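Number of protein chains: 4
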Amino acid sequence: MNYFLFLLKTFKTMTAQQTKKAFHGIIPPMVTPLLSDNLSLDIDGVKYLVEHLISGGVHGIFILGTTGESTSLSYKTREQLIEESCKAANGRVPVFVGITDTSIEESIHLALIAEKAGAAAVVAAPPYYYGLGQEELYKYYWSLANQLALPLFLYNMPTHTKINIEIKTVVRLAEHPNIIGLKDSSANAVYFQSLCHLLKTNFSLLVGPEEITAEIILMGGSGGVNGGANLFPKLYVALYNAAISRDFVRIKELQNLVMEISTKIYTVGSYGSSYLKGLKAALSGLGIIQGNIAPPFTTFDEKEMVRVVASIKEIEIEVARVL
Amino acid sequence: MNYFLFLLKTFKTMTAQQTKKAFHGIIPPMVTPLLSDNLSLDIDGVKYLVEHLISGGVHGIFILGTTGESTSLSYKTREQLIEESCKAANGRVPVFVGITDTSIEESIHLALIAEKAGAAAVVAAPPYYYGLGQEELYKYYWSLANQLALPLFLYNMPTHTKINIEIKTVVRLAEHPNIIGLKDSSANAVYFQSLCHLLKTNFSLLVGPEEITAEIILMGGSGGVNGGANLFPKLYVALYNAAISRDFVRIKELQNLVMEISTKIYTVGSYGSSYLKGLKAALSGLGIIQGNIAPPFTTFDEKEMVRVVASIKEIEIEVARVL
Amino acid sequence: MNYFLFLLKTFKTMTAQQTKKAFHGIIPPMVTPLLSDNLSLDIDGVKYLVEHLISGGVHGIFILGTTGESTSLSYKTREQLIEESCKAANGRVPVFVGITDTSIEESIHLALIAEKAGAAAVVAAPPYYYGLGQEELYKYYWSLANQLALPLFLYNMPTHTKINIEIKTVVRLAEHPNIIGLKDSSANAVYFQSLCHLLKTNFSLLVGPEEITAEIILMGGSGGVNGGANLFPKLYVALYNAAISRDFVRIKELQNLVMEISTKIYTVGSYGSSYLKGLKAALSGLGIIQGNIAPPFTTFDEKEMVRVVASIKEIEIEVARVL
Amino acid sequence: MNYFLFLLKTFKTMTAQQTKKAFHGIIPPMVTPLLSDNLSLDIDGVKYLVEHLISGGVHGIFILGTTGESTSLSYKTREQLIEESCKAANGRVPVFVGITDTSIEESIHLALIAEKAGAAAVVAAPPYYYGLGQEELYKYYWSLANQLALPLFLYNMPTHTKINIEIKTVVRLAEHPNIIGLKDSSANAVYFQSLCHLLKTNFSLLVGPEEITAEIILMGGSGGVNGGANLFPKLYVALYNAAISRDFVRIKELQNLVMEISTKIYTVGSYGSSYLKGLKAALSGLGIIQGNIAPPFTTFDEKEMVRVVASIKEIEIEVARVL
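In order, the protein sequence lines correspond to chains A, B, C and D.
In terms of this note's numbering, the first sequence opens at residue 1413 and continues consecutively.
In terms of this note's numbering, the second sequence opens at residue 1413 and continues consecutively.
In terms of this note's numbering, the third sequence opens at residue 1413 and continues consecutively.
In terms of this note's numbering, the fourth sequence opens at residue 1413 and continues consecutively.
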C-alpha cells in the first residue's frame, strides 16, 4: 500500500468509526422458498414471504443465513435469491445478505451481487472447512472487510463452523471501519454480555436464538435475528417492543408463545436438523410457503408433519388472541 | 420393590411434589481455602470466608462445587470442609454440598456426612469419566436420588463432565420428589429459558455464570451461584435485588461492575483455569484468604498476580463507591 | 421409480457389484499450485507437478481434496484444475476428483466436468456445514451416487466435516453399485481395521495419513492418499512396495524418512494449518512449485520458512541416499 | 530442594535413564469382578480371573483401568482389588495399577497401596474434571512422578479425560527417570507412530485397542493392553507372537477372530458403554465371572444379553479350533 492510499484509508477509518450505521430490532433470517425439486427458487414464494415479513413490521431481512439454507444452494440460486429479495423489499427495509463461504473469491462475488441489488450490508460466518486459529481468523476477516464495498457483520455460529470468534478477536475486528456488528448464534449469553460490556457503542450486537431475544434486549443488545419471525413476524416485533419498553406483563405473555414455538415446533425430529425441518413444516402448515427443503436434508415424514401442523395451528390461535 | 413399598413411595412422591422446598437468591460457590501445601484445608480461612459471605447477605452457600475445587481435594479434606462450613454457617443460611463423583458409593457417603453436618441439600453433576447416554444418565440420577436423605440439585456442567443433561432428561427427573432443582453452568441461555418454560413451578433453577444472573432473574429464574460473590457478596446480592425489583438504573450500574470482574479478573491466564486462578488470586489480593490452589493447577506467576491484584483493587474502590 | 427402471437398476446393481473397479497403491492428494495472488491457478505448476508425480511412479492422482485446498478455491478455478490435471495426466494414471461441497448441485456439476475431462472417479466428503445424523448422511450419499456417472469414493474426514461416516453407514453404502471405496483420513486405525474386516472384498480402502500407510498395507488395506508424495513420490511408492512384499528392513528404513517429514515439516506452525503450510513451504523449498496458499490461510513467515527449507533439504539428501 | 538432594536426583536421573525397565507383550486391562450388589468386590472372581489370565500366558496384568471400572469403584474397593490381585498374581507376572484420579493425594495414596502389595508399576491418565493446558499437564505429571516410588506409565485416553497428552508433552515427560512408558488408548495410529519415531528406545509404548495391536507390534510397538484378553488370553498372546515373528498367515487367522469379537461383542448397545457392557456380558456368558457392572452403568437387558452370549459361544468354538 503506498503512502497516499494509507492516508486515505486512515481517514476513511476515522470517519467511518464515527459513523458506523447502527441496526436494531427484529431482522428475520428468511427461509428460502424452494420448488418441489428441492433445489430451484420459488420466486413467488420469495415475494409472498418478503411481503409477509414487511407487513409484520420487521426492521430488516437477513437472507442466505443458516436458516436460509445458504450453503445448500447453488451459486446461481443464491444470486437469484439476492436479486429477488432486494427487488421485493424495494427499499422498505434493509436487506442483509449472507456471503459465508469457504472460498473468499465466492464471498466477494456474492457481496458484489448484493451491492448491485441494493442490499444494506453483508454477513459472513468464518470459513467452515479448515480449522482456523484466532489469528488466522482475524486476518481473514480483516482482509475480507478490506475488499467489500458494503459494511460487514460478523456471524458467530460455532456449532456449524467449528470455531468460536473469540471475544478478543471481535474486539480487535470492531476496529475495522467496515465491520459494523455481530450476529451471535452461539446461545452463550456470557459471550454476549461480555461483548455488550466491551463494545459499548457503535457496534450492533444481534442475537440469533429467539428464546433469548427478550433478555438480550433488556440488557442492552441491539436486536434479534429470529427464525420464528418467518412464521409470526408481529409476535417477535411485539416482544422486541415490550422488552424495549420494559413491559414485563407483556414480555411474559409473548415470551410464553415464543417458547411454545421453540419447544413444540423445533424439537420434533431426532437430529440437529429439527429446527430447520420444523420451521419449514410449520410455514407450510400455515400456508405461507411450500415446505420443500434442500439436500442434504429432507422434509419430515407424514407422522412428524402431522404433529408439527397440529401444534402450529394451536399456536396460531394463541398468537392471534394475544396480538 | 414390594407393593407396600410402592404405595409408600407413591404417597411420598405426591406429597413431596407439593412441598418441594424452593431456594432463591445469591448462593456463592465457595472457594476452598487451602494452606500453603496446596492440599490441607485452611480452617481459619473457612471460618473467615463463611462469615464474609453471610455478612454480605447471601441466601445460601454452596461448597464443593467446581469453584470449590471439589474433585482436586482428597476425601478426607472434603469431609472436613463439609463439617467446618456447616459449623461456621451455624444454620444462618442453608449450606449446599457438592457430592459429584464418579463412584456412586463415594457420592452417597459424602451426602451422609452432609446430612449429619446439617446441610440443606446436596448437588451432583453427572459422573464425569465415562461418556453416558441420556437414558443412562436418567437412571443414574433417579437411583442416586432414591438413596439420599437430603434433597438433590442437578448440576449441569457440560464443559467439565462431557455431557449435557438434556432438557427432556431434566423434565423427567423433575418428577422425582427428591430432586428439587438444577444449577446450570452451561452459559447456554436457550437451555435455561427452555427449562424455565417447561418447569414453571416447584423447581429451583439457578444459574452459574454471574455475567447472566441479572437477565436470568429478570426472566424468572431463581438465583445465581456466582463465583464473584466470594469477593464482593454484597455486590451480587444488590444485583439480584435490583433485578427482582426491575430497577434498570441500578442493574446497569451493578452489572457493569460484575462485567469488570469477569473481563479483568477471570481472563488473565491462557487456559480454562483462568477463572479459578484469577478468583483465588483476587481473594488473596483483597486479603480475604490465601490464594493457594490444589493440583493439577498452580497459582499465577508473579506477573499475572500483580496484574490481577491491581485490577481487583481498582474494582474494590468502584464497588465501595456504588454500594 | 417405475417397475422397468427398478428392474434395470437391480440388474445394474448386480453386475456392478461383481465388477467394482479396485484401486490400490499410492494416490497423492495433489496440492494446488497457485500464482502469487494466492487465488489463480498456476497452470505451468500443475503440468510440472503432474509430471513429477507420474514420473515418481504413483498409481493415481487425487485432486481437489483437503490437501488440494478445494474448498478455498472458486468454482472457476476448480473446473480449470480438473481440466488441466486430466490433460496433463493424459490417461497415464487414473485421476480422482474431489467434489465435496455443501450444495449437491455444485457437487454434481463438478462431477460432470470431471467426467468430460476423463477422470476415473470422484471423491466426496460429507456436506460440512450443517450437522447431520447418520441416517441423513446415508440418504445423502445414496442419492448423490444415483446422480453420478463416475464411480464414487466416500471420504471420511471428521475433523473437518464434524461427522464421522460410521462403520455401519459405510457398510450400508458399500451396497450401492456406484460407491466403490473409501478414503479415510480419520487416523483412527480401529475404524480402518473394522472396515477391512467387514468389507473384505470389492471395496477399495485407502488411508490418508502417510504415517500409517505401511501398517495399513501390511494388514490388507488398498493404498495411501499421502500428502508427502507431492514431495517425494518415489519414497512413498517404495514404502508401499516394501509393505506389499513384507520387506521389513526396507519398511523400517523408508518409514523412518516418512516420519522425519511428518515430524519436521508438518508441525512447524501453531495451528491445524501446519500440515498444509509446511507441505507447500517444502515444495517451494525444493523448487517443485511456488508455495502460495489460498485464504483463509497464509504462507509461513520468514523464520518458519527458513526452518522448513533447511529440514526438507536435509531430508532430500537422505531420500536420495536411500532410494 | 537443597543442593544435596539436587545432586542425588540428578544422579538418579542419569542412571535411571539408562536402566528404565522395558515391558512388552499382552497386558490385559483386567475387568473388576463384582458381586450382585454391583459395588462389592467378588474376591473369588478376582482369584479365578487372575489365574485364567496367567494360565493364558499374558505378560502382565493391568488393574484399575477404564476396563476395570476404576473410577466407578469406591476407594475401599480399589484398595481391596490391588491387594487381592497382587496376592493372586503372586509375582508370576508384573501387576500394573491404575491410580488415575482428579485428586493427586488420592493417586499417591493408591500408589502407596500398590507398592506395598508388590505391584510393578502404576498407570495414570490425566486428571479428568478440569480442562488442562499442556503445560499444566506436563507440570502435573512431573510432580506426580516425583512423588511416586513405583515407576509410572502415562495413559492417554482423550475421549474420557477430554485432553490428549500431546506428542511434545510425552517427549518432554519421557525425560523423567520415573516415567517409563505410555499406554495409548486414543486409537490414533498417527499419534502412536510419531511416538515410536521420536522415542526410539528406553520407553515402553503400549496400545489399548486390540484391533490394532498386530499392526502396532509389526511397526515396533511394545505391546497391547487389550480388553478381549480377559475372554481369551491365549488368542491375544498368540497374535502378539505371530506379529513378533511376522507370520502373516497366522496374523490373518487370529486378527480375524479379534475383529469378530470387536464387531460382534463390543457394539451391541447404543452408547459408548457398549464395549464394557459387551465384555462383561461375554465373560458371564463364558462362565468366567459374573457380569455385574458398577453404576453409572447397568448390565444389558435380556435381549442384548442373549445376543452377546450367542455370539461369544460361536467365537469360542472358532478360537478353540484355531489355537
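Cβ coordinates follow ideal geometry from the N, Cα and C atoms, glycine included.
Just so we're clear, the structure is a prediction, and the values are computed from it rather than from any experiment.
Its chain contains Tyr1678 as the residues whose beta carbon lies nearer than 6 Å to that of Tyr1687 of chain B, once the 5 sequence neighbours on both sides are disregarded; these appear in chain order. By the rule that beta-carbons nearer than 7 Å mark a contact, Val1602 of chain A touches chain B.
Per DSSP, the unbroken alpha helix (DSSP H) holding Ile1727 of chain D starts and ends at 1714-1734. If you keep only unbroken alpha helix (DSSP H) runs of at least 4 residues inside the stretch 1523-1586 of chain D, you get 1546-1558, 1570-1573, 1579-1585.
Under the rule that a run must span 4 or more residues, the alpha helix (DSSP H) segments found entirely inside the stretch 1428-1495 of chain D read 1455-1467. Of all alpha-carbon atoms in A:Ser1467, A:Glu1463, A:Gly1472, A:Thr1478, the one lying nearest the alpha-carbon of Val1443 of chain A is that of A:Thr1478. Within the stretch 1623-1657 of chain A, the residues whose Cβ lies closer than 9 Å to any Cβ of chain B are, in chain order, Glu1623, Ile1624, Ala1626, Glu1627, Ile1628, Leu1630, Met1631, Gly1632. Pro1707, Pro1708, Phe1709, Thr1710: these are the residues of the stretch 1704-1720 of chain B whose beta carbon lies less than 7 Å from some beta carbon of chain D, given in chain order. Across the set D:Ala1526, D:Ile1466, D:Thr1571, D:Ala1561, the C-alpha of D:Thr1571 shows the shortest separation from the C-alpha of Gly1543 of chain D. For Ile1439 of chain C, the closest of C:Val1721, C:Ala1641, C:Ser1685, C:Lys1664 by C-alpha to C-alpha distance is C:Ala1641. Chain order gives the chain C residues near Pro1539 of chain A as Thr1483, Ser1484, Pro1707, Pro1708, where near means a beta carbon separation below 9 Å. C-alpha of Ser1685 of chain A to C-alpha of Gly1469 of chain C: approximately 45 Å in a straight line.
If only uninterrupted beta strand (DSSP E) runs of at least 3 residues are considered, none is enclosed by the stretch 1621-1704 of chain D. When the beta-carbon positions are compared, Val1602 of chain B and Gly1620 of chain B stay at least 7 Å from each other. Out of A:Ala1654, A:Ala1529, A:Val1718, the CA that lies nearest to the CA of Lys1689 of chain A is found in A:Val1718. Below 8 Å, too few C-beta pairs join the stretch 1450-1459 of chain A and the stretch 1670-1677 of chain A to call them touching: fewer than three. The C-beta distance from Lys1574 of chain B to Tyr1540 of chain B rounds to 7 Å, short enough to fall under 8 Å.
By the Cβ neighbour-count rule, Ala1586 of chain C is buried, with 16 or more other Cβ atoms within 10 Å of its own.
Beta-carbon to beta-carbon, Ala1523 of chain B and Val1505 of chain B are separated by about 19 Å, too far to satisfy the 8 Å threshold. Using a Cβ-Cβ cut-off of 7 Å, Pro1621 of chain A counts as an interface residue toward chain B, since at least one Cβ of chain B sits closer than that to its own. When the Cα atoms are used, Ala1654 of chain D and Val1734 of chain D turn out to be separated by approximately 13 Å. Those residues of the stretch 1506-1532 of chain A placed with their C-beta closer than 7 Å to a C-beta in chain C are Thr1514, Ser1515, Ile1516, Glu1517, Glu1518, ordered along the chain. Contact check for Leu1594 of chain D and Leu1566 of chain D: beta-carbon distance about 4 Å, within the 8 Å limit, so the pair qualifies.
Distances from the alpha-carbon of Ile1475 of chain C to those of C:Ile1466, C:Leu1493, C:Ser1484 put C:Leu1493 closest.
With respect to chain A, the C-beta atom of His1436 of chain C has no partner C-beta closer than 7 Å. It is roughly 29 Å from the alpha-carbon of Leu1691 of chain B to the alpha-carbon of Ile1592 of chain B.
Ranked by how close their Cα comes to the Cα of Thr1710 of chain A, the residues A:Lys1646, A:Asn1450, A:Pro1441 have A:Asn1450 in first place.
Nearest C-alpha to Ser1606 of chain D among D:Ile1624, D:Glu1622, D:His1588, D:Glu1578: D:Glu1578. DSSP places Val1505 of chain A in the coil class of the three-state scheme, outside both helix and strand. Cβ-Cβ distances below 8 Å link Glu1495 of chain B to Ile1525, Ala1529 in the same chain, with the five nearest sequence neighbours on each side left out; the list follows chain order. Listed as beta-bridge partners of Leu1618 of chain A by DSSP are A:Lys1595, A:Gly1635.
The beta carbon of His1609 of chain C sits no closer than 7 Å to any beta carbon of chain A. Around the Cβ of Asn1576 of chain D, a 10 Å sphere holds 16 or more other Cβ atoms; the residue is buried.
For Leu1611 of chain D, the closest C-alpha among the options D:Glu1481, D:Glu1627, D:His1588, D:Glu1622 is that of D:His1588. Per the C-alpha coordinates, the member of A:Ile1628, A:Leu1651, A:Ala1532 positioned closest to Asn1590 of chain A is A:Ala1532.
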